[in-house]
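Numbering (the working numbering), first residue to last: 3 to 209.
The next block holds one structure in the form of structure tokens; read it before the comments.
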């Protein structure tokens with residue numbers, strides 16, 4: 003099936019992970035892992051994003067293919083177009099516990115997400131925040147791993163960037179995640195970097 007056909011048919015069409023969906027996921031992951039050309043890679047990322055977003059079981063399937071480390075590492079030198087698509091797909095996959103577990107195990111995940119804030123585009127910044135929010139939340143998973151991600155985020159300067167995002171403004175959904183993420187980071191302030199007390203007094207005023 004052509005990638006464009008996948009994109010047009012998968013948005014809301016894949017309500018379960020049947021055999022056909024598995025084959026499509028595996029084919030898309032193969033293209034992303036061993037790119038034929040930039041256009042094909044980006045199209046595969048978009049299609050995989052729609053599939054993963056449509057069903058958490060599909061997101062888990064994508065994670066089990068080992069794609070999460072590939073996406074994280076692709077962000078290191080990615081241009082704007084690739085970075086936005088890779089971040090969107092990564093965020094969608096992180097809706098699954100398998101995706102979060104894989105991302106938390108990669109040493110570059112948190113540093114690269116923080117680094118991409120304000121460096122690519124507004125969309126990329128919001129996607130990076132959403133991904134960090136998913137990693138920091140303990141939705142029935144490994145609390146220790148989630149805490150480790152939050153401490154690492156503090157260490158690499160996420161707190162100040164998140165405060166800046168609230169100051170410059172973002173969409174309501176992103177504002178909610180940013181505020182919640184700041185509160186999660188606040189709980190681990192002693193284990194991460196030293197943050198100015200004024201920052202935390204400002205956090206108390208967040209609604």
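Beta carbons: idealized from backbone N, C-alpha and C, even for Gly.
Model, not experiment: these values are computed from the prediction.
7 Å Cβ shell around residue i - same chain, five flanking residues per side excluded
| i | result |
| --- | --- |
| residue 100 | 62, 65, 66 |
| residue 85 | 77, 118, 122, 126 |
Residue j beta carbon less than 8 Å from that of residue i
| i | j | result |
| --- | --- | --- |
| residue 106 | residue 147 | yes |
| residue 60 | residue 27 | yes |
| residue 49 | residue 69 | no |
| residue 1 | residue 55 | In this structure the chain extends from 3 to 209, so residue 1 is not present and cannot be described. |
| residue 168 | residue 131 | no |
| residue 190 | residue 149 | yes |
| residue 35 | residue 72 | yes |
| residue 88 | residue 97 | no |
| residue 145 | residue 172 | no |
| residue 177 | residue 120 | no |
Straight-line Cα distance separating residue j from residue i
| i | j | result |
| --- | --- | --- |
| residue 157 | residue 134 | 14 Å |
| residue 113 | residue 151 | 10 Å |
| residue 44 | residue 165 | 31 Å |
| residue 116 | residue 90 | 15 Å |
| residue 170 | residue 124 | 11 Å |
| residue 140 | residue 186 | 10 Å |
Same chain, Cβ closer than 8 Å to residue i, five either side skipped, listed in chain order
| i | result |
| --- | --- |
| residue 83 | 44 |
Supposed contact pair residue j and residue i - C-beta distance, whole angstroms, cut 8 Å
| i | j | result |
| --- | --- | --- |
| residue 51 | residue 23 | Rounded, the Cβ-Cβ distance is 14 Å, inconsistent with contact. |
Test: residue i CB closer than 8 Å to a CB of chain C
| i | result |
| --- | --- |
| residue 76 | The structure shown has no chain C; it contains just one protein chain. |
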